[in-house]
Every structure is written in C-alpha cells, then in structure tokens.
Amino acid sequence: MKKNIPDQPDNIEKKDTDLEYLKQINKSLQEYVNEITSVSEVAKKILAARDPDEILSLFFSALTDYLNAGKFQLFLFNDEKMDFAPQRDPDKPGAFCPVIPHEIINWLITEKKSTTIPLKDSELITVVPLMVREELVGILCIDTSQIGDEMNRQFIDVLEALASETAAALINVQLYKQLEKQFLDLASTKTYLLNILESINNGIITLNTTGEISQINKNASMMLEISMDDTLKHNIKDVFKHKPDLLGMMETTVSETLNCGFIMEKQYAHINSMGTELPLAISTSLLRDDNMQTIGIIVIFRDMTASKELERLRHLDQLKSQFVANVSHELRTPLTSIRAYTEALLDMGGDETQVQFLNVVDSESERLLSLIEDLLNVSRIESGKLTLKMDPVNPAVLVEEIMGVSKVQSAKHKLVTKIADNLPEMVLDKNKMKEVLINLVSNAIKYSPDGGNVTVAMCLDGGNLHIDVSDQGIGIAKEHLKQVFDQFFRVDSSLTAKIAGTGLGLAITKSIVEAHGGAVTIDSEVGKGTTFTVIIPVRKPSIE
177 MKKNIPDQPD NIEKKDTDLE YLKQINKSLQ EYVNEITSVS EVAKKILAAR DPDEILSLFF
237 SALTDYLNAG KFQLFLFNDE KMDFAPQRDP DKPGAFCPVI PHEIINWLIT EKKSTTIPLK
297 DSELITVVPL MVREELVGIL CIDTSQIGDE MNRQFIDVLE ALASETAAAL INVQLYKQLE
357 KQFLDLASTK TYLLNILESI NNGIITLNTT GEISQINKNA SMMLEISMDD TLKHNIKDVF
417 KHKPDLLGMM ETTVSETLNC GFIMEKQYAH INSMGTELPL AISTSLLRDD NMQTIGIIVI
477 FRDMTASKEL ERLRHLDQLK SQFVANVSHE LRTPLTSIRA YTEALLDMGG DETQVQFLNV
537 VDSESERLLS LIEDLLNVSR IESGKLTLKM DPVNPAVLVE EIMGVSKVQS AKHKLVTKIA
597 DNLPEMVLDK NKMKEVLINL VSNAIKYSPD GGNVTVAMCL DGGNLHIDVS DQGIGIAKEH
657 LKQVFDQFFR VDSSLTAKIA GTGLGLAITK SIVEAHGGAV TIDSEVGKGT TFTVIIPVRK
717 PSIE
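Numbering (my numbering) for the sequence shown: 177 to 720.
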C-alpha cells in the first residue's frame, strides 16, 4: 500500500489506453480494499486480545505482512521511567531504534497527527502517534528513507487507524488488569470482613431501613434457629412470623433505633425449639454510608448464658464468704469462753493429770481460734473488706514482740535475728505485719521438722524494707513454687502429710503485704530449706 492510484494518461483518445487505465485503477482499488479488509480483521483481533505481547505481535505482523513496512520501531510510554521505551530489539531484522527529538514528541502531543522528519545521514522516518483520549501513549517510527514520495496519504490513514486501535487495545489491557486487581482486592476484603463477622462470638443481623435482612452470621442463625439462606433479602415480618414474641421485640428494636440512633442493651429470654430458655442481651446501632446517611440497622445478640452462670457462681461465692464469716464469728465466741475458763482452771492448779488435760484443751482452743481468725481474714480479703490501720512503727519492734508468741517457739529450733541498725520509723499496720511475721516464722518451724536455724533478717535496700525469713527445712520443689500463695494449697508428699495446716497462712500473708504496696517472693531448694522475702516500700511518717 505504498503506491497511489495510477494517474490518468494524457492521451485518452485511444480505447485500449482507456481500458488499460481502468484496469490499473480497478486493480489498485481491489488491492486497497483487500488490504483494508485484512488490516480490519487484524484490528479486530488486536482489540479482542488481552495480552500485551499478543497485541504487539499482531500489530507488528500487520505492519510487515499487510502494510509492507520496512524497518520500524514502536515506543510505548513507561510510567515508572516517565519516558518512551522501545518494544522491539534493535538487533532483530526489520528493527531500528531512532532517537526522537523532544520537540517532535511535543509536536505529536500537540498536533496528534503523523509527520515525516529527517534524521542524520539522509535518514527519513515517519512518526505515527498512538493516541487514546487525547493522550499520547506511544510512537510508531517507520524508516521511509528508501520510500520517499511513495508514502501516500492512504497508507498514513491506515497506519494511524491501526495505531489507534493498538493503543486502545493496550490501554484496555491495562484497565482490565486494574479492574481485575480491584475485583480481587474487593473479593479479598469482602472475604476478610465475612470472616470477621463469622468469628465474632455474638450473633449479628443487619437490616435495611424497611426491615429487610441484608446480612446474618452463623451465631445469629444458631441462636435464633433461622436458616441463613431463607433469611437474606427477606423482611423480619416473614422471617419471624412463627415467633411472635421475637418479632415484636425486633420491630420495637428497629423502631426505637431509627428514632434514637441506638438502644440501651435489652435482655430477652428466647425459648428455643427444645423448650430451653436462652438469655440474650440485644443492642443496636445505625448503619451509615460515607455521607453519614442511615442505610440500615445493626442488631447484636449476646448469649448471656455464661454471664448468668458467672453471676450465679459469684452470688454463691458471696454466700459462701458470708457463711464462713458468720460461722467463724459464732465459733469464736464460745471458744473464747472455753479458753478463758480453761486458763482459770489452770491458775487454780490441781493434780498432774488434770493440768495435763487442761493444757491440751487450752492448746487446741488456741489452734481453733487461730484457724477461725484465718478464715475471717480470708473472708475479709475476698470481700474487699481488709482494712489497714497505718501508724508510725519501727520495724525492729515487730521482731521483738513476736518472740513471746507460742507459734514461733520451738525446742528444736534456734531463732536467729539479723536486724540492721539504721531502720527508720515507717508507716504500716503493726498488727497485720506482726501477723505476717508470725505466719512466716511458724511456717518455717513447721516445715523444718528436724530443727535447725530459723533466721529473720531486716534491712533497707533502695527505699524498701526487706524482710527475709529462712529455714533449713525440707524445701519446696520448683513446680510448686507458683502455687504456695494459693488459698488452701499444700504440697502433697510424705514429708508434709504429718504437718498440720490449712494452707491459708501464706495466702493471707501475700494479701497483707500487697495491701501495703509490697510484694513477697520465695526461693527454695528441696532438702536445703526455704527463704521468703517480704519487700515493703518505706513510707515515713508525715511531719505535722
């Protein structure tokens, strides 16, 4: 398609000349029509293609096979490099890589039409713009040095048309890939949101403003015993028509939410198909679009079975604590009287057997009173009623005052004290801290049945009072160290089976120390002994 339609001869008088002229015109027109048809078919294939390499291959084949283009190169705009990049290897046959001046590129952008420009060494190239919606996306360069004036307007028109179709096809592929990526991203986001919806423990239903269900998760389906497939895009009046109580509650909820924007959490007792009551807490909020316009309602159903059970257990725990406190008080009164009369009888004297029996009664009464006091302390701690009477105290006095307590006295043990000289007065509950020391020392004595030293050390360290109580007893295995401060915990072994105790002393000790803002730690080794360390921040008395 490089030749013009033949010119009319000067002498048309001869019929044979006219006939030959018409034949040439007809032949040229037929060739033009055939090439146009072929190029049109290629253009259709180019537009239908979805792969950039396939589009370029069809375009290059059309240039070579149908348009008889010689050497040519296609430059496409590269968004990353912000430049036009060649699409053919310059070393391949029929390819070349001319340098297009920037002023020519600017001219193509402005004029949007083809032109022929001279380059060095008498080289001529025809540049054809690839335009899409007024945007230059590529440049086709054809070496026309050997063609010269034979490059006719018809050829240029076909080139421009084919280039335009190719540019459109390449842009379509880009748009298609973008849409495909957006679709995949949207599908991934939708799946992610659905997974969140299904992973929530609560039941969730979304409605439009007319009461039609637009979304429901599995938990809501199970709680309300409704099929997910039979509820979507159905109105709540149809979905809950066989459950009038639930329907009434839903309609009221929807109405209040649309009027107020939300509702305070309601409780609803749903009776399931088995006749079992399922306690539900129901709350709502408005569903809004980007313009904050109401497009629906979110209804949240929370299964309160576990909450109700927890509430019941808490109530039982409160009753238990109250019972323990009441019983302990009732037991302490007669035991106090028994011990008082026992001590009075001991003061009166008597034969050796009577005194021995009275000492046993007195000792066991004291043990029972101690146990009752422990139970009362536990009850106070659990109910949050443990109170401290804070007064200025020299901590060294605490050790001196517990020495006369029977619990810390033992013929098999030697009580060693290591009290620092520089201990200042500090604010604490004297009686409660004495109880801590008595618990720790008596514990050390009990769990070192073969005797040995029980050491109480006090010192200051970094603004804290450190109290160490150590023994040389049986020790505690590492796996039990985290449990020793639990209520009623006792190490179950043959070594501890004969040692009396309730497992409350250390729990009470920990609570008292923590109430002072401190902490208690333990270090123990089986067969070598145990050390409890109490750390309490020093609070000095205020100066009035």
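All C-beta atoms, glycine included, are put in the ideal place defined by N, C-alpha and C.
A quick note: this is a predicted structure, and the numbers were derived from the prediction, not measured.
- Given residue 453 as reference, the closest of 521, 401, 707 once Cα atoms are compared: Selection 521, 401, 707 evaluated against residue 453 yields 401 as nearest (Cα-Cα).
- Taking the C-alpha atoms as reference points, what is the distance between residue 529 and residue 557? One Cα belongs to residue 529, the other to residue 557, and the distance between them is close to 42 Å.
- Message: Taking the beta strand (DSSP E) that residue 632 belongs to, which residues open and close that run?
- Response: Following the DSSP letters along the chain, one finds residue 632 inside the beta strand (DSSP E) bounded by residues 628–637.
- Output the residue ranges of the beta strand (DSSP E) runs that lie fully inside the stretch 287–364 and measure 3 residues or longer, sorted by chain position. Look at the stretch 287–364 and you find these whole runs of beta strand (DSSP E), each 3 residues long or longer: 291–294, 300–308, 311–319.
- Query: For residue 444, does the three-state DSSP call read helix, strand or coil?
  - Reply: The answer is strand: DSSP assigns residue 444 an E or B state.
- Just reading off the beta strand (DSSP E) that residue 389 is part of, what are its end residues? Its beta strand (DSSP E) spans residues 389–392.
- From the DSSP output, which residues share a beta bridge with residue 464? DSSP, once it has assigned bridges, lists 470 as partnering residue 464.
- Cβ shell of residue 696 (< 6 Å), same chain only, five flanking positions each side left out: 686, 689, 710.
- Among 287, 261, 268, 289, which has the Cα closest to the Cα of residue 276? Closest in alpha carbon position to residue 276, among 287, 261, 268, 289, is 261.
- Query: Going along the chain, which residues of its own chain have a beta-carbon closer than 6 Å to the beta-carbon of residue 350, five neighbours each way excluded?
  - Reply: The same chain holds no residue with a CB closer than 6 Å to that of residue 350 once the five nearest residues on each side in sequence are set aside.
- Message: What does the Cβ neighbour count give for residue 412, buried or exposed, with the cut at 16 atoms within 10 Å?
- Response: Buried is the call here.
- Please specify which runs of the beta strand (DSSP E), each continuous and at least 3 residues long, are wholly inside the stretch 371–443, giving them in chain order. Runs of the beta strand (DSSP E) lying entirely within the stretch 371–443, each at least 3 residues long, are 379–383, 389–392 in chain order.
- Query: Taking C-alpha atoms, which residue in 407, 427, 355, 397 lies nearest to residue 448?
  - Reply: Considering only 407, 427, 355, 397, the residue with the shortest C-alpha distance to residue 448 is 397.
- Query: What's the C-alpha gap between residue 641 and residue 608?
  - Reply: Approximately 16 Å, taken between the alpha carbons.
- Query: Would a C-beta distance cut-off of 8 Å place residue 550 and residue 684 closer than the cut-off?
  - Reply: The criterion of a C-beta distance shorter than 8 Å is satisfied by residue 550 and residue 684.
- Query: Helix, strand or coil for residue 619 per DSSP?
  - Reply: If DSSP states are grouped into helix, strand and coil, residue 619 belongs with the helices.
- Query: In the structure shown, what three-state DSSP assignment does residue 366 receive?
  - Reply: Looking at residue 366 - three-state DSSP - the assignment turns out to be helix.
- Below 7 Å CB to CB, which residues in the same chain sit around residue 519 once its five sequence neighbours on both sides are set aside? Excluding sequence neighbours, residue 519 sits near 538.
- Item | Reference residue 224, options 467, 342, 705, closest by Cα | The residue with the shortest Cα to Cα distance from residue 224 is 342.
- Relative to the C-alpha of residue 215, which residue among 621, 336, 713, 357 is closest? Of 621, 336, 713, 357, the residue nearest in Cα terms is 336.
- Item | Limits of the unbroken alpha helix (DSSP H) element including residue 705 | It is not in any alpha helix (DSSP H) - residue 705 instead sits in the beta strand (DSSP E) that spans 705–713.
- Inside the stretch 564–617 only - alpha helix (DSSP H) runs reaching at least 4 residues: Note on the stretch 564–617: whole alpha helix (DSSP H) runs with a minimum of 4 residues are 571–578, in chain order.
- Which full runs of the alpha helix (DSSP H) of 4+ residues lie inside the stretch 210–273, going along the chain? 228–241, all fully within the stretch 210–273.
- Between residue 389 and residue 407, which are expected to be in contact by the criterion C-beta below 8 Å, what is the C-beta distance as a whole number of angstroms? Rounded, the Cβ-Cβ distance is 5 Å, consistent with contact.
- Quick one: what's got a C-beta closer than 7 Å to residue 249's C-beta in the same chain, skipping five residues either side? Here the set comprises 262, 264, 271, 272, 273, 274, 317.
- Query: Within this structure, are the beta carbons of residue 391 and residue 382 separated by less than 8 Å?
  - Reply: Cβ atoms of residue 391 and residue 382: closer than 8 Å.
- Query: So, helix, strand or coil for residue 478, using DSSP?
  - Reply: Residue 478 falls in the strand class under three-state DSSP.
- How would you label residue 513, buried or exposed, when you count the other beta carbons within 10 angstroms and need 16 or more for buried? With fewer than 16 other Cβ atoms within 10 Å, it is exposed.
- Per DSSP, what kind of secondary structure is residue 684 in: helix, strand or coil? Residue state, collapsed to three classes: helix.
- Among 315, 660, 222, 357, nearest to residue 680 - alpha-carbon criterion: When each option's Cα is compared against that of residue 680, the closest is 660.
- Check each candidate in 346, 546, 531, 598 and name the one with the smallest Cα separation from residue 309. In this structure, 346 is the residue among 346, 546, 531, 598 with its C-alpha nearest to the C-alpha of residue 309.
- Task: Please classify residue 579: is it buried, with 16 or more other beta-carbons within 10 angstroms of its beta-carbon, or exposed?
- Result: Under this definition residue 579 is an exposed residue.
- Message: I'd like to confirm the pairing. Which residues does DSSP put opposite residue 196 in its beta bridges?
- Response: Partner(s): none; residue 196 has no beta bridge.
- Task: Measure the alpha-carbon distance for residue 451 versus residue 359 and round it to whole angstroms.
- Result: Their backbone Cα atoms lie some 46 Å apart in a straight line.
- Query: Three-state secondary structure (DSSP) at residue 653?
  - Reply: It is coil, neither helix nor strand.
- With DSSP as the reference, label residue 510 as helix, strand or coil. In this structure, residue 510 counts as helix in the three-state DSSP scheme.
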